[in-house]
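All remarks here apply to the structure that follows.
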Amino acid sequence: MEIVFLAFILMLSIFLGFELINKVPATLHTPLMSGSNAISGITLVGALTSAGAEHTQLATILGTLAVAMATINVIGGYMVTDRMLAMFKKKQGDAK
86 MEIVFLAFIL MLSIFLGFEL INKVPATLHT PLMSGSNAIS GITLVGALTS
136 AGAEHTQLAT ILGTLAVAMA TINVIGGYMV TDRMLAMFKK KQGDAK
């Protein structure tokens, strides 16, 4: 019965996430991306804690994998945010 409840929560969160992201205007995308980068940083701290907790070998391997994936997510998120912010900067030749 617990697996059905967990599957329901997963499906509900996927649906709600999809609906919320589709309703975000383009002007709010960059601030939301910065917020999700902060959350990914917290995930990275949790992954580091899990990798270094000296539990079973499987837990250490999964924690190390989580560190690698969270690091990629944080770096990629900051790269995308920086690129989006660069789109709003005025170019030197523009006299507007």
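Take 86 as the starting number for the sequence shown in the working numbering and just add one per residue.
Think of the CB as a built atom: it goes at the ideal place given N, C-alpha and C, for glycine as much as any other residue.
Determine the contact status of residue i and residue j, defining contact as a CB-CB distance below 7 angstroms.
i: Thr-149; j: Met-118; result: no
i: Ala-155; j: Ala-136; result: no
i: Gly-161; j: Asn-122; result: no
Going along the chain, which residues of its own chain have a beta-carbon closer than 8 angstroms to the beta-carbon of residue i, five neighbours each way excluded?
i: Leu-95; result: none
In this structure, how does DSSP classify residue i when only helix, strand and coil are distinguished?
i: Pro-110; result: coil
i: Thr-166; result: helix
i: Glu-87; result: helix
i: Ala-92; result: helix
i: Ala-138; result: coil
Could you tell me how far apart the beta carbons of residue i and residue j are, in whole angstroms, since I believe they sit closer than 8 angstroms?
i: Gly-126; j: Val-159; result: 6 angstroms
i: Leu-144; j: Ala-138; result: For the sequence presented, residue 144 should be read as Ala rather than Leu. The pair is a contact, with the Cβ atoms about 7 angstroms apart (cut-off 8 angstroms).
Could you name the residues of the same chain whose beta carbon sits closer than 7 angstroms to that of residue i, not counting the 5 residues immediately before and after it, in chain order?
i: Thr-128; result: Ala-155
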